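Number of protein chains: 2
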Amino acid sequence: MAGKRVGKSTVAFARPPVVVAAGSVVGPMEGKGPLGSEFDVVKSDNVLGEGSFEKAEASLLREACEIAAYKAQVPMSRVDFLLAGDLLNQLISANFVARDLGVPFFGLFGACSTLVEALILGAMAIDGGFASRVLAACSSHHEAAERQYRFPVEFATQRPPTAQWTVTGAGAALLAESGQGPVITHATVGSVVDMGLKSPNDMGSAMAPAAAETIWRHLQDLGREPRYYDLIATGDLASLGKEVAEDLLRRVGVDVSGVYDDCGRMIYSPGQDAHAGGSGGGCQAAVFCGPLVKRLKAGELRRVLLVGTGALFSPTSCQQGQTIPAVAHAVALEGPGRGGEG
Amino acid sequence: MAGKRVGKSTVAFARPPVVVAAGSVVGPMEGKGPLGSEFDVVKSDNVLGEGSFEKAEASLLREACEIAAYKAQVPMSRVDFLLAGDLLNQLISANFVARDLGVPFFGLFGACSTLVEALILGAMAIDGGFASRVLAACSSHHEAAERQYRFPVEFATQRPPTAQWTVTGAGAALLAESGQGPVITHATVGSVVDMGLKSPNDMGSAMAPAAAETIWRHLQDLGREPRYYDLIATGDLASLGKEVAEDLLRRVGVDVSGVYDDCGRMIYSPGQDAHAGGSGGGCQAAVFCGPLVKRLKAGELRRVLLVGTGALFSPTSCQQGQTIPAVAHAVALEGPGRGGEG
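Residue numbers (this note's numbering), protein chains in the order written: chain A, 1 to 342; chain B, 1001 to 1342.
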């Protein structure tokens, strides 16, 4: 037996899988944000000569995977599994990338929590002895997502201040059973939480309770304080959802101030007119696989709790009056120097 | 280390996870088919008082999960993970079921291969020591799928003979680290195959090459002949795709005659006007979690290779002129009496 369960929802990896390399690719707006210089590739436009936003998204995701494999000098034929997903209906970005890469493929959907979902299942596959190397990847594309979930951007529909801006970007992490890089020591798998919110223009508030629940449970399961981590980074609650999550945690006696930030808040500057901040599976994927992995490798960050958050709605479910359920999954990472806890 | 890799794409489970119980729920048309008496529940209509086809689908999926847990006398609070998906955009059936059941949740999308994808990842989680019990589940709903993928059935659009009939149904299997029932000894994870076909009204032909590839690779990796199995059951190639798969396998020297059938072909009788046969994630899920698990438990079947097949397209990808990529995953099951191969 490889791993073990710790508490209600957390698992510990016996031989913590290593993030040996990561690739991040973003669009021009993300490149102009505060993290712009830390992504591997910043595209100069959102279509990339692909003829459609959807095809452009697949191109971003493929490039992120290729960069991760290239950095590790691992040919695709030696990657055992690709675990990937995106926001588009039926995961068409991930499907076409899986076809192009030729790697045995598990398609995942956890909305904006997909990258962390992929990291967890990939880490289980490696620690369980079923794989030596896996790619965990996720993408999103602003124009493709907006026309699918809300309105085509050409409509110029006015968006409320609570709305988030779907990131054009992708990230891919190559996990391996050994090598240099931060290791995944634990994972906490989230249950679906639904507080009855209904607005697809306020996903941060819908996801915040799931994020708070998973962070709380992770800390409970492992008997840790928030300050055990240098950074707790939720997926894309953005400014508003981040405040809600902080408040919910404070009410149960958990003070995350000073160590908590949100990838959706980090990726744009206030002047970029992104409303509450970034969202989309590509937001956390690009921020983790770019800046955060770089900082973990450099020792600027030693212990990170990465919390993926997903709003599990569709336009159909919203139109039928359903609420927005949400989920949050977490992985605990430790940078080189501290090693795994085994 | 728990599992191990065998050949290029196959993994072997050290302590084969057990299918301790399964639940299957279908609509009225499926109840009138040749397998009708072997499902746990046959509904008398397709809406179930839920107010929409989509909500009805979630209801089917939830009931299948509850039946599986009830049969095993396992409360939901003791199920470690739910691995589930469906065909609806953003997996809304699975999301709402996950919310209602309160079980830590991994959303999966492999189109009609989702049940087998869930069985594989669930078996890895158990054999790896990360879970004691998991639910693997999938659903589809005829009217909900048709209006999303093609046309609302109220349009009465004429369908070509190659078209398949999306099954209204759901299946859920409860896997555990020990107990009575068939065990999952091996899994073969598929790569995405794309032969350039483009018609969403002929998915069987699009998926057949992926099915043939995965069956061939599974047999190669384990050095087995098709007759090792009492039954090789693909997901939903239906009549036409089944013939294509048989032909492709024959060309590489693999003769599956006498042991090969397809869940999409099995679920309807020729007189039911289902064209080429059944499809949808609920097709294989209901057929496996109903008739096949019953026959495995009864010893009528001893060794089964269950091959999930998924057509990984969306209406958007088709409208943009893209081809239909496909994937197939396989799990090898052995009924009680033979036990696992360890």
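Positions of the beta carbon are idealized from the N, C-alpha and C atoms, including for glycine. It should be emphasised that the depicted structure is a prediction, and the values quoted were computed from it without experimental measurement.
query: Beta carbon of A206(A), beta carbon of T234(A): below 8 Å?
result: The residue given as residue 206(A) occupies position 206 in the first sequence. The residue given as residue 234(A) occupies position 234 in the first sequence. No, the Cβ-Cβ distance between A206(A) and T234(A) is not below 8 Å.
- prompt: Are the Cβ atoms of G277(A) and G335(A) separated by less than 8 Å?
  reply: Residue 277(A) sits at position 277 when you count from the first residue of the first sequence. Residue 335(A) sits at position 335 when you count from the first residue of the first sequence. Not in contact: G277(A) and G335(A) (Cβ atoms no closer than 8 Å).
message: So with CB distances below 8 Å, who are the chain B contacts of L108(A)?
response: Taking the first sequence and counting its residues from 1, one reaches residue 108(A) at position 108. Correct list: F1106, G1107, L1108 and F1109.
task: Go ahead and label Q284(A) buried or exposed: buried means 16 or more other beta carbons lie within 10 angstroms of its beta carbon, across all protein chains shown.
output: By 1-based counting over the first sequence, the position of residue 284(A) is 284. Buried, by the Cβ-count rule.
query: Among A2(A), I67(A) and G7(A), which residue has its Cα nearest to the Cα of D221(A)?
result: Walking along the first sequence from the start, residue 221(A) turns up at place 221. Looking at the Cα atoms, G7(A) is the closest of the given residues.
- prompt: Cβ of S52(A) less than 8 Å from any chain B Cβ?
  reply: For the purposes of this step, residue 52(A) is taken as the residue at position 52 of the first sequence. S52(A) counts as touching chain B.
- prompt: Would DSSP call A173(A) helix, strand or coil?
  reply: Residue 173(A) sits at position 173 when you count from the first residue of the first sequence. It is a strand residue.
query: Taking Cβ-Cβ distances shorter than 7 Å, what residues in chain A pair up with V1011(B)?
result: Taking the second sequence and counting its residues from 1, one reaches residue 1011(B) at position 11. Ordered by position in chain A, the residues that pass the 7 Å Cβ test against V1011(B) are F130.
- request: Let me know the beta strand (DSSP E) ranges lying completely inside the stretch 76–161 of chain A, each 3 residues or longer, listed in chain order.
  value: 81–86, 105–107 and 133–140
message: Along the stretch 1142–1166 of chain B, where does the CB come closer than 7 Å to a CB of chain A? Name the residues.
response: None of the residues of the stretch 1142–1166 of chain B has a beta carbon lying less than 7 Å from any beta carbon of chain A.
- prompt: Applying a beta-carbon distance threshold of less than 8 Å, which residues of chain A neighbour P1325(B)?
  reply: As a working note, residue 1325(B) is residue 325 in the second sequence. Near P1325(B) (Cβ distances below 8 Å), the residues of chain A are N95, F96, A98 and R99.
Span of the beta strand (DSSP E), counted from its first residue to its last, around S1024(B): Position 24 of the second sequence holds residue 1024(B). S1024(B) -> beta strand (DSSP E) spans V1018 to V1026.
message: Suppose you measure from the CA of A156(A) to the CA of G321(A); what does that come to, to the nearest Å?
response: By 1-based counting over the first sequence, the position of residue 156(A) is 156. By 1-based counting over the first sequence, the position of residue 321(A) is 321. Taking the straight line from one Cα to the other gives about 25 Å.
- prompt: Who pairs with R1005(B) in a beta bridge, going by DSSP?
  reply: As a position in the second sequence, residue 1005(B) is number 5, starting the count at 1. Paired residues: V1011(B).
message: With a threshold of 8 Å on Cβ separation, who are the neighbours of G290(A) within its own chain once the five nearest residues in sequence on each side are excluded?
response: Looking up residue 290(A) in the first sequence gives position 290. Within the same chain, G290(A) has close Cβ partners A22, S24, V26, L35, E38, F39, D40 and G171.
- prompt: What does V1103(B) touch in chain A if you count any residue whose Cβ is under 7 Å from its own?
  reply: Numbered from its first residue, the second sequence carries residue 1103(B) at position 103. S191, listed in chain order.
- prompt: Can you give the Cα-Cα distance for S59(A) and S44(A), rounded to whole angstroms?
  reply: Numbered from its first residue, the first sequence carries residue 59(A) at position 59. Numbered from its first residue, the first sequence carries residue 44(A) at position 44. Taking the straight line from one Cα to the other gives about 14 Å.
task: Find the nearest neighbour of L306(A) within the set G264(A), G102(A), A94(A) and D127(A), judged by alpha-carbon distance.
output: Position 306 of the first sequence, counted from the start, is the residue given in the question as residue 306(A). Checked all of G264(A), G102(A), A94(A) and D127(A); the closest Cα to L306(A) is G264(A).
- prompt: Using the beta-carbon of each residue, which ones in chain A are nearer than 8 Å to G1085(B)?
  reply: Your numbering for residue 1085(B) matches position 85 in the second sequence. Those are F109, listed as they occur along chain A.
- request: Please decide whether T309(A) counts as near chain B, where near means a Cβ-Cβ distance under 8 Å.
  value: Sequence index remark: in the first sequence, residue 309(A) carries index 309 (1-based). False, the Cβ-Cβ gap to chain B never drops below 8 Å.
query: Count the other CB atoms within 10 Å of the CB of P1028(B); is the residue buried (16 or more) or exposed (fewer)?
result: Here the question's residue 1028(B) lines up with position 28 in the second sequence. The residue is exposed, with fewer than 16 neighbouring Cβ atoms inside 10 Å.
message: I need the DSSP call for F1231(B), collapsed to helix, strand or coil.
response: On the second sequence, position 231 is the one that residue 1231(B) refers to. Residue identity differs from the one stated: residue 1231(B) is Leu in this sequence, not Phe. L1231(B) falls in the strand class under three-state DSSP.
- prompt: Under the three-state reduction of DSSP, which class applies to R1303(B): helix, strand or coil?
  reply: In the second sequence, counting from the first residue as 1, residue 1303(B) sits at position 303. Of the three classes helix, strand and coil, the one that applies to R1303(B) here is strand, per DSSP.
- request: For K198(A), go through chain B and note every residue whose CB falls closer than 9 Å to its CB, in chain order.
  value: Residue numbering aside, residue 198(A) sits at position 198 when the first sequence is read from its first letter. Under the 9 Å cutoff, chain B gives no residues; its nearest Cβ is about 14 Å from K198(A).
Counted within 10 angstroms of its Cβ, other Cβ atoms place V252(A) as buried (16 or more) or exposed: Within the first sequence, the letter at position 252 stands for residue 252(A). Counting Cβ neighbours within 10 Å, V252(A) comes out exposed, since fewer than 16 surround it.
task: Mind checking the stretch 20–50 of chain A against chain B and listing, in chain order, the residues whose C-beta falls within less than 8 Å of any C-beta there?
output: none
query: What residues of chain A sit near G1003(B), judged by a beta carbon separation below 7 Å?
result: Taking the second sequence and counting its residues from 1, one reaches residue 1003(B) at position 3. The contacting residues are G128, G129 and F130.
- prompt: Does any residue of chain B bring its CB to less than 8 Å from the CB of A125(A)?
  reply: Within the first sequence, the letter at position 125 stands for residue 125(A). Taking Cβ atoms only, chain B reaches closer than 8 Å to A125(A), which makes this a yes.
Expected contact under 8 Å - CB spacing of N89(A) and N1089(B) to nearest Å: Numbered from 1 along the first sequence, position 89 holds the residue referred to as residue 89(A). Numbered from 1 along the second sequence, position 89 holds the residue referred to as residue 1089(B). 4 Å between Cβ atoms; contact.
message: List, in chain order, every chain A residue whose beta-carbon is nearer than 9 Å to that of S1059(B).
response: The sequence position of residue 1059(B) within the second sequence is 59, counting from 1. The contacting residues do not exist; S1059(B) stays about 13 Å from chain A at best.
query: What does G1310(B) pair with, by DSSP beta-bridge criteria?
result: By 1-based counting over the second sequence, the position of residue 1310(B) is 310. Partner(s): V1327(B).
Distance between beta carbons of V1167(B) and S1279(B), contact taken as under 8 Å: As a first step, residue 1279(B) is located in the second sequence; it is residue number 279 there, counting from the start. As a first step, residue 1167(B) is located in the second sequence; it is residue number 167 there, counting from the start. About 7 Å; that satisfies the 8 Å criterion.
- request: Determine, using beta-carbon pairs with one atom in the stretch 108–121 of chain A and one in the stretch 75–95 of chain A, whether at least three such pairs fall under 8 Å.
  value: yes
- prompt: How many Å lie between Q180(A) and G310(A) at the Cα?
  reply: By 1-based counting over the first sequence, the position of residue 180(A) is 180. By 1-based counting over the first sequence, the position of residue 310(A) is 310. Whole-angstrom Cα-Cα distance: 30 Å.
message: Just to check my reading of the structure: V1138(B) and G1282(B) have Cβ atoms closer than 8 Å, yes? What is that Cβ distance to the nearest angstrom?
response: Position 138 of the second sequence, counting from 1, holds the residue named residue 1138(B). Position 282 of the second sequence, counting from 1, holds the residue named residue 1282(B). The amino acid at residue 1138(B) is misidentified as Val; the sequence shows Cys. Right, the Cβ-Cβ distance comes to about 6 Å (below 8 Å), so this counts as a contact.
query: From R302(A), V254(A), E54(A) and V259(A), pick the residue whose C-alpha is nearest to that of H141(A); which is it?
result: By 1-based counting over the first sequence, the position of residue 141(A) is 141. That would be E54(A), whose Cα lies nearest to the Cα of H141(A).
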